[in-house]
Every structure is written in structure tokens, then in C-alpha cells.
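Sequential numbering from 79 applies to the sequence shown in the working numbering.
Just so it is clear, CB atoms sit at the ideal spot from N, CA and C, and this is done for glycine as well.
These figures come from a predicted structure and were not determined experimentally.
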Amino acid sequence: MTGDVVLAAARTGRPLRFFLVAGEHSGDALGARLMPALKARCGNGVEFAGVGGEAMAAQGLASIFPLHDVAVMGPLNILAALPRLVSRVHQTVDAALAFQPDAVVIIDSPEFTHPIAKRVRRRAPDIPIIDYVSPSVWAWRPGRARKMRGYIDEVLALLPFEPAAHERLGGPHCTYVGHPLIERLDEIASADTGGLARRLGIARERDVLVALPGSRRSEAGRLLGVFGETVRLLAKKGSAFDVILPTVPHLREQVLAASQTWAVPCHFVDGARDGFAAMRLARAALAASGTVTLELALCGTPMAVAYKVDALAAPFLRRMIQGETVVLANLVLGENAFPEFLQQDCTAENMAPVLGELLGASKRRDAQVAALARIPGKLKLADGDPSAAAAKAVLGVIEAGGKMLSP
């Protein structure tokens, strides 16, 4: 099917044009993998414009403004940056229309990218619009799914349960293209656990707890204290273990400072390779809710999951949650195998006993190990990798619209 799109573009005498919009660094990483996948399907007949970061720039995108202008998280920060964000939304819409793209692909960050999609649809209804990464309509504000039908032609889902969720909620057509972690399975499997243990001076017989308080400053700030208290209670009850704290550059000093008072030896690692090695080395994990739960699942590491929001959002958390869980590993599995401790339940007194069972030999641990073994098969694609599947889906949407490719 997509070969017809490329041939039709060739008949117009110009390359296919894609306007890509990422709103934060995770979207930049996705866009940077999508771009070469589109090039591979279209040959040299492709042009890109839009908004991205360093990764997309390395693939040839000249962003119309720096990504950090719009990579803002949290309601208070968004409110403070609102005038700049509104200005960037209008600038992006104008740039998209001037580029005359064959498709607009918005990538995650719905607070920034969806207002752009709505305005492009109003001003140029014939341009196909693809949303790469579904908003969490299955967990928060499900009414968004039906509203998206007015300005989104196709959703490219990273999680296998999302197409059914959009169908149930009346959202746009949704295709599972696979999670980008699938492309890193070899990296995960080859992570050198023995080498990491030797470098950190951890004895082979010593149990390891990996602590993952999140990659955002505010998120880590809310969890580091309760994680430290959980570690203290575990040690007080007789558990013998070391802690590994994978860090990212912008949080390293914050994590180092907070962990100075923890009751057991703490080791720090940087970078994805050592992060995966730490997860695979660990007997159990205490993790913030998010993509890291899928990383732990693919590493085969039993886990307890924590999540706290700021005081402004706290009264609305429970009211907004739809369903039994917000843990991605649970949602992929279709059962609540991994315990979650949200907001007022996120206490050391609640989490320490569970982690004690996971560090030891227990029925809870055995049940999690069995559940973890089923997750890779749930994420697996029938053919190819996620970036190639996403590129194929984007070209399929262009062909289905087809209006801009008439010879």
C-alpha cells in the first residue's frame, strides 16, 4: 500500500513532506527513530520540518525553535510558561501550513501538540494528522478520546491495549506500532550485571534493591524521602541488601544529597547501559510509576510501584483515575500483578513489608516472576520493529487521505 504513496509523490515532482512536532525529550527520541524509518520507505524523496530536539536535529530536522521552550512539566510550571507556550503553538501552526506537508505527526506531549493539531485541522482540513503516542485516556479523562476524532486521523499506540481502549471510548482509529523498548531488547539482555557488581564492589551473594524515583525533578523530590524511609524500615527489620540508584545528569546532585541519610550502602550509576544492568542485577525494585515499570518488566525484576502528585493535583488524583491500576506493566499484562502505592498509600509502612517479601523467598515473589515472564510476549510485534511499523502506518494514513498526492 505505502509503495503507492511514494509513487504518487514521485509523480507530483516533489518529495513527501512531513511536519513533525515533539514537545519534550522522549518525543524527540521517538521522532529521531521515525525519521530514518520514513526515509527508508521513501528513499531520498522526503523532507522534514517542525519542532524537535537534538536527536531529531541529528536526523536532519531544523527545529523552528528550541525544544526547551516548550518542554514544561507540571500544572504550576505550565501556568507560569503559558504566554510563551501559546505563542509557540501559533508559531508552529503557521509554520506547518506554510510547509504544505503531506502529513502532520504530533508526538506525545498532548498539552502542547493537541492545540496545534486542532488549529491545523480548522485551517487546513485536508492535511492528515497522526498522533504518535496515545494520551492516557484509559487512565485519565477518558472523554478526550471522543474529542480527538475531530482533529486526529490516526493514533499510533505504544501499548497493546490502547487500540481497544480507543474503540471502547469512541476515539480515533488506533494502531499498535510497538513500544520503543522493543528495539532495545538486545541491549537489555546483554547488560553486564557481573561487571557492574564488581565495579560497585557488591558481593555476589548480596541482595540488591534498585530504587528509581523518577526522571523529573519534582517527581523525584516527592519520592526520595519516602524511598529513604522505606529502605530504613527494611534494614531495621533485618533485611541485608545494597541499594543502586540509577541517575540522570540533571538529577544527580539531588539524588546524591537525598540519599546521604539512607540506612544502607547506596551506589550510583549513570547511563542506560548501567541502568539496565542495575535492574537486571537487582532482586527487587522500588520504582516511580511510569515507563520504568516496563523496563523493569523486560529485565525480569519484581517491583513495588509508587506515585505521588503535588498538592495542587492531589484532590483530583483518585477522581481522575479510571480502572484498577495506573501501572503500565499491569495494564500490559491485564492484571494487577505489581502492587502500587498512590498518594496517601505511598508510605514506608506500606511499602517496606512488600519489598521484604520480594527480596526474600515468598509466594508474592514467585507470582511476580511468573507474571514478568509473560510481558515480553504481550509487547511483541508480529513483524518488524516499532519505528518501521510507525512509518508504515503514517504512509498508510496519507494514502487513505490521498488528496494532496493527486498527479
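- Task: Since I believe Leu436 is in contact with Arg442 (beta carbons under 8 Å), could you give me their beta-carbon distance rounded to a whole number of angstroms?
- Result: 6 Å
- For Asn428, I'd like the list of residues in its chain whose CB is within less than 7 Å of its CB, leaving aside the five on either flank, ordered along the chain. Excluding sequence neighbours, Asn428 sits near Phe419.
- Item | Cβ pair Gly259, Leu372 closer than 8 Å | For the sequence presented, residue 259 should be read as Leu rather than Gly. For Leu259 and Leu372, yes; Cβs fall inside 8 Å.
- Query: Using a Cβ-Cβ cut-off of 7 Å (strictly less than) and excluding sequence neighbours within five positions of Lys386, which residues of its own chain qualify?
  - Reply: Arg300, Leu301, Gln421, Cys424
- Item | Beta-carbon proximity of Ala173 to Ala127, cut-off 8 Å | yes
- Tell me whether the beta-carbon of Val405 lies closer than 8 Å to the beta-carbon of Pro238. no
- By a C-beta neighbour count over all protein chains shown, 10 Å radius and 16 as the cutoff for buried, is Arg284 buried or exposed? Looking at its Cβ environment, which holds fewer than 16 other Cβ atoms inside 10 Å, Arg284 is exposed.
- Message: In the DSSP output, which residue or residues are listed as bridge partners for Met381?
- Response: DSSP lists Ala363 as the beta-bridge partner residues of Met381.
- Item | N-terminal and C-terminal residue of the alpha helix (DSSP H) that Gly273 is part of | 271-278
- Contact under 8 Å by Cβ, Arg310 with Ala275: no
- Task: Take Asp176 as the anchor and find which of Ala202, Glu265, Asp231, Lys196 has the nearest alpha-carbon.
- Result: Reading off the sequence, residue 176 comes out as Ala, not Asp. If we check each option's Cα against that of Ala176, Ala202 comes out closest.
- Host alpha helix (DSSP H) of Thr253 (start-end): Per DSSP, Thr253 belongs to no alpha helix (DSSP H); it is in the beta strand (DSSP E), 252-254.
- With distances taken between CB atoms, is the gap from Leu323 to Ala350 smaller than 8 Å? no
- Under the three-state DSSP convention, the category Cys424 falls into: In this structure, Cys424 counts as coil in the three-state DSSP scheme.
- Query: Can you give, in chain order, each stretch of the beta strand (DSSP E) that sits fully within the segment 102-151 and has at least 3 residues?
  - Reply: Runs of the beta strand (DSSP E) inside the segment 102-151: 124-129.
- Mind pulling the beta strand (DSSP E) runs of 3 or more residues that sit fully within the segment 171-252? 181-185, 207-210, 232-235
- Enumerate in chain order the residues of its own chain whose CB-to-CB distance from Ile230 is below 7 Å, with the five nearest sequence positions on each side excluded. Cβ within range, chain order: Ala195, Ile207, Asp209, Pro250.
- Look up Phe416 in the DSSP assignment and say whether it is helix, strand or coil. Look at Phe416 here: in three-state DSSP terms it is coil, with no helix or strand label.
- Query: What separation, rounded to the nearest whole angstrom, lies between the Cα atoms of Val171 and Pro431?
  - Reply: Going from the Cα of Val171 to the Cα of Pro431 covers about 52 Å.
- Task: Could you work out which residue in Val211, Gly221, Pro161, Ala115 is closest to Pro241 when comparing CA atoms only?
- Result: Closest option to Pro241, judged by alpha-carbon separation, among Val211, Gly221, Pro161, Ala115: Val211.
- Query: From which residue to which residue does the alpha helix (DSSP H) around Asp264 run?
  - Reply: 263-267
- Item | 8 Å contact criterion, which Leu94 and Asp180 should meet: CB distance rounded | 5 Å
- Cβ shell of Val167 (< 8 Å), same chain only, five flanking positions each side left out: Phe190, Pro193, Ile194, Arg197
- Which of the three DSSP states, helix, strand or coil, is assigned to Arg89? Model confidence at Arg89 stands at a pLDDT of 45, short of 50, so the residue's coordinates are unreliable; what they give is reported in the following sentence. Helix at Arg89.
- Message: Mapping the DSSP letters down to three states, classify Ala439 as helix, strand or coil.
- Response: coil
- Task: Please work out which residues of its chain come closer than 6 Å, Cβ to Cβ, to Gly101, disregarding the five sequence neighbours upstream and downstream, and give them in chain order.
- Result: Val148, Ser187, Phe190, Thr191
- Item | Segment limits, beta strand (DSSP E) that includes Arg294 | It is not in any beta strand (DSSP E) - Arg294 carries neither H nor E in the DSSP assignment.
- Query: Looking at Val475 and Leu359, is the spacing between their C-beta atoms short of 8 Å?
  - Reply: no
- Item | Distance, Ala445 Cα to Ala382 Cα | A direct Cα-to-Cα measurement between Ala382 and Ala445 gives close to 13 Å.
- Smallest Cα separation from Phe416: which of Val333, Ala313, Val370? Val370
- Item | For Phe96, the residue or residues it bridges with in DSSP | DSSP output for Phe96 lists Phe126, Ala181 as bridge partner(s).
- Query: Between His345 and Phe319, what straight-line distance do the alpha-carbon atoms span, to the nearest angstrom?
  - Reply: Those two C-alpha atoms are separated by around 12 Å.
- What's the C-alpha gap between Val99 and Thr271? 37 Å
- Under the rule that 16 or more other beta-carbon atoms within 10 Å means buried, what is Arg282, buried or exposed? exposed
- Item | Met226 versus Pro220: straight-line alpha-carbon distance, rounded | 11 Å
- Query: Can you tell which of Leu263, Gly131, Arg246, Ala467 has the C-alpha that lies nearest to the C-alpha of Thr253?
  - Reply: Thr253 has its Cα closest to that of Ala467, out of Leu263, Gly131, Arg246, Ala467.
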